[in-house]
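*Asks:*
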Amino acid sequence: MKLYCGVRESNVDYRPETGGPQWQVISAELRPGMLCVASRLDAAKSGSFDFEIENPPVHFGGILHGSNRCSYSSGQLKGHEVVRTGGDNGIVCLPKTTGRVECAPGEDACVVTVLVSPNVLRHYLDDAKEQTPQPLRRVLRPYPEQLLWRGRRNARKTYLLGALLETLRHRPAWRLMQESMALELVALQLEECREEQRHPPTPPRISKGDEERLREAKRLLLLDLEHPPSISQLARLAGLSEKKLKAGFPVLFGDTVYGCFRAHRLNHARRLIEEDRLSVSEVAYSIGYLNLSHFSQAFRVRFGMNPSELLRRRSEKLP
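So for the sequence shown, UniProt numbering puts the first residue at 1; every next one is plus one.
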């Protein structure tokens, strides 16, 4: 499946295009420029899809259950990956961005989003410009910047996401209730974002001993690219709890455990293609990929080209 999302003449254009029936998408226009969308995936089906964003609305919402990994192949986040799990929520606006979303196999997934055009947001926020979070002001400019803000997990937000899904599925005529819940969700996330700007959260502190253990964990993680340890194995080998391991990697290394491993593995693959006379399949197998298409997709998301294209460029430079 491929997803297109954008704004045309202040109206939200959200179109899952052809390519597979995996995702069940339900949407309702709450008012011009405001759309509520619920996307559900059955655990028995594969839910990966590509997306293309040109002139986007602002996304408010979150994941009710399931998990996914979003990889960006163009835009300011090119080469980055973001992993989200049930309960995660936030505000997103990513103009001129393409990428791919991959859902965890064997899991049901459900994402509920309120899509709001910048013009509608300006209408609500014009009288409170000074109280509008700075990241959102940059989104509402004529040439918007990218915004990827993650909110705290909150029982009220989770309730609103579930209630919006319920009205979309079973009570489509309850437009007034849908709109009121959508606006409350938007308001809660905006207020939390604003408070975070006024009082930035203190990053978690890592003791010297835990820092040493985390660096050892990273070393162990990258020893064998074909057979990496599981999270539980890595935590045990490094002398850390799983919680400290997963929380410490983003603080110390700027990425999740899996993200660090994947980035290192793909960087190593690129070096092998550029410096050694190996075929694409030999490189893929040497770093633990058994499926060539999965390797090519991951490589393209990180570097913006297929490994075969890099191989061709290398061949053209050889005497």
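Glycine included, each C-beta is placed from N, C-alpha and C at the ideal position.
Source: prediction; values computed, not measured.
#1: Applying the criterion that 16 or more other CB atoms from any shown protein chain within 10 Å of the CB defines a buried residue, is Q134 buried or exposed?
#2: Determine whether the beta carbon atoms of V12 and F60 lie at a separation below 8 Å.
#3: To the nearest angstrom, how far is it from the Cα of R205 to the Cα of K244?
#4: Hey, quick one: how far does the beta strand (DSSP E) through R40 stretch, first residue to last?
#5: Report the rounded CA-to-CA distance for E282 versus A263, giving the unit in angstroms.
#6: Given a cut-off of 8 Å on the beta-carbon distance, is the pair S67 and R40 in contact?
#7: Reducing DSSP to helix, strand and coil, say where S308 ends up.
#8: Could you give the first and the last residue of the continuous alpha helix (DSSP H) run that contains T167?
#9: Go to Y72, then tell me how far its beta strand (DSSP E) extends in each direction, as first and last residue.
#10: What do you get for D210, buried or exposed, if any count of 16 or more other CB atoms within 10 angstroms of its CB means buried?
#11: Between the segment 271-291 and the segment 232-252, do three or more beta carbon pairs fall short of 8 Å?
#12: Rank L240, S293, H227 by C-alpha distance to the C-alpha of R265 and give the top, closest one.
#13: If contacts are defined as beta-carbon pairs under 8 Å, then H65 and C110 qualify, I think. What distance do you get, rounded to the angstrom?
#14: Roughly how many angstroms lie between the CA atoms of L272 and N89, to the nearest whole one?
#15: Would a C-beta distance cut-off of 8 Å place Q146 and Q76 closer than the cut-off?
#16: Suppose you measure from the CA of A298 to the CA of E196; what does that come to, to the nearest Å?
#17: Specify the secondary structure class of D210 as computed by DSSP and reduced to three states.
#18: What span of residues does the beta strand (DSSP E) with R277 cover, start to end?
#19: Look at R69 and E52 and say whether their C-beta atoms are less than 8 Å apart.
#20: Assign G254 to one of two classes, buried (16 or more other C-beta atoms within 10 Å of its C-beta) or exposed (fewer than that).
#21: Let me confirm a value: L176 is counted as buried when at least 16 other C-beta atoms fall within 10 Å, else exposed. Which label applies?
#22: Can C93 be considered in contact with the ligand ZN, in the sense that its beta carbon sits closer than 7 Å to one or more heavy atoms?
#23: Assuming C93 and V58 make a contact with CB atoms under 8 Å, what is their CB distance in whole Å?
#24: When DSSP labels each residue in this structure, what does E191 get in the three-state scheme?
*Replies:* In this structure, then:
#1: By the 10 Å Cβ count, Q134 comes out exposed.
#2: Not a contact, by the Cβ cut-off of 8 Å.
#3: Cα-Cα distance, rounded: 11 Å.
#4: In this chain, the beta strand (DSSP E) harbouring R40 covers 34-41.
#5: Between E282 and A263, the C-alpha separation is close to 19 Å.
#6: Inclusion of S67 and R40 in the CB contact set at 8 Å is not warranted, their separation being larger than that value.
#7: Looking at S308 - three-state DSSP - the assignment turns out to be helix.
#8: Per DSSP, T167 belongs to the alpha helix (DSSP H) from 155-170.
#9: First-last of the beta strand (DSSP E) with Y72: 67-72.
#10: Label assigned to D210: buried.
#11: Proximity of the segment 271-291 to the segment 232-252 falls short of the contact definition, fewer than three beta-carbon pairs being nearer than 8 Å.
#12: That would be H227, whose Cα lies nearest to the Cα of R265.
#13: Right, the Cβ-Cβ distance comes to about 6 Å (below 8 Å), so this counts as a contact.
#14: Spanning the alpha carbons of L272 and N89 requires a straight line of approximately 38 Å.
#15: Yes, the Cβ-Cβ distance between Q146 and Q76 is below 8 Å.
#16: CA-CA distance, A298 to E196, rounds to 33 Å.
#17: In this structure, D210 counts as helix in the three-state DSSP scheme.
#18: Counting along the chain, R277 falls outside any beta strand (DSSP E), and DSSP gives it neither H nor E.
#19: One thing to note: R69 has its Cβ no nearer than 8 Å to the Cβ of E52.
#20: Counting Cβ neighbours within 10 Å, G254 comes out exposed, since fewer than 16 surround it.
#21: So L176 ends up on the exposed side.
#22: No copy of the ligand ZN occurs in the structure displayed, which carries no ligand at all.
#23: Correct: roughly 5 Å between the Cβ atoms.
#24: Of the three classes helix, strand and coil, the one that applies to E191 here is helix, per DSSP.
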